[in-house]
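Undergrad:
Numbering (my numbering), first residue to last: 11 to 122.
Here it is in structure tokens:
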């Protein structure tokens, strides 16, 4: 009886676990690459102006320079503190992309 109950609990936790628990863990390089793709895609779809996209690309370039500066010695990995700072910077870029896209979308809705 207890083993059946344990099985049902295990299955329940397996299928009811939020999707974020199985989300991909991104490296800093992967996030930089994906954010650049997001910027380019949003500009192509007219969700960002050229000026906005250029500003976001400059933000990403600044992050890349910071990472390169910290990693002058190619044999060492970034410290946890450095990784956290870069992740924070990447989060700022991501938030700015979404903010600008949402502004455009709400402006378009107001016009219609």
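Where a beta carbon is used, it is the ideal one built from N, C-alpha and C, also for glycine. On a predicted model such as this, the values are computed, not experimentally measured, just so you know.
Terminal residues of the continuous alpha helix (DSSP H) containing residue 48?
TA: Run containing residue 48: 38–54, per the alpha helix (DSSP H) assignment.
Undergrad: When the Cβ atoms of the segment 54–64 are set against those of the segment 72–85, are three or more pairs found closer than 8 angstroms?
TA: Cβ pair count under 8 angstroms is below three, so no.
Undergrad: Counting pairs of beta carbons, one from the segment 42–58 and one from the segment 96–111, are three or more of them closer than 8 angstroms?
TA: Yes: at least three Cβ pairs fall under 8 angstroms.
Undergrad: What do you get for residue 94, buried or exposed, if any count of 16 or more other CB atoms within 10 angstroms of its CB means buried?
TA: Label assigned to residue 94: exposed.
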